[in-house]
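Please read the structure below before turning to the comments.
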Amino acid sequence: MPKKTVDLVEKARKCLRARELGSKHYKRADRLLDEIRRELGPGEEIPLAGGKKAVLKDNFANTNKVFRSHGIARYELEVVEA
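For this note's numbering, add 30 to where a residue sits in the sequence shown, where the first one is 1.
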């Protein structure tokens, strides 16, 4: 795996772990997601362990408005089966 991919895998793993640990880690997860977003385009994938992958999702890709009952970030990592 190229070094860039290894770095992205590690950042994605840390970002997802921080998100799992709860709100006290949101700031760290947001910082890592911002770093990932600078290197990865929407729809691009990062391979993860266990037959999964993280996909950078642009929540505003096809619209100017998104309605949810809470705040929403433009980008998020979505974990899917590889």
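No residue lacks a Cβ here, since even glycine has one placed at the ideal position from N, Cα and C.
Between Lys33 and Thr93, the alpha-carbon positions lie close to 34 Å from each other. Here Ala42 is near Ala84, since their CB atoms are less than 8 Å apart.
DSSP places Ile66 in no beta strand (DSSP E) but in the uninterrupted alpha helix (DSSP H) bounded by 56-69. The DSSP-derived three-state label of Glu40 is helix.
Taken through DSSP and simplified to helix, strand or coil, Leu78 comes out as coil. Collapsing the DSSP output to three states places Ala84 in a strand. Residue pairing by DSSP places Glu106 opposite Lys87 in a beta bridge.
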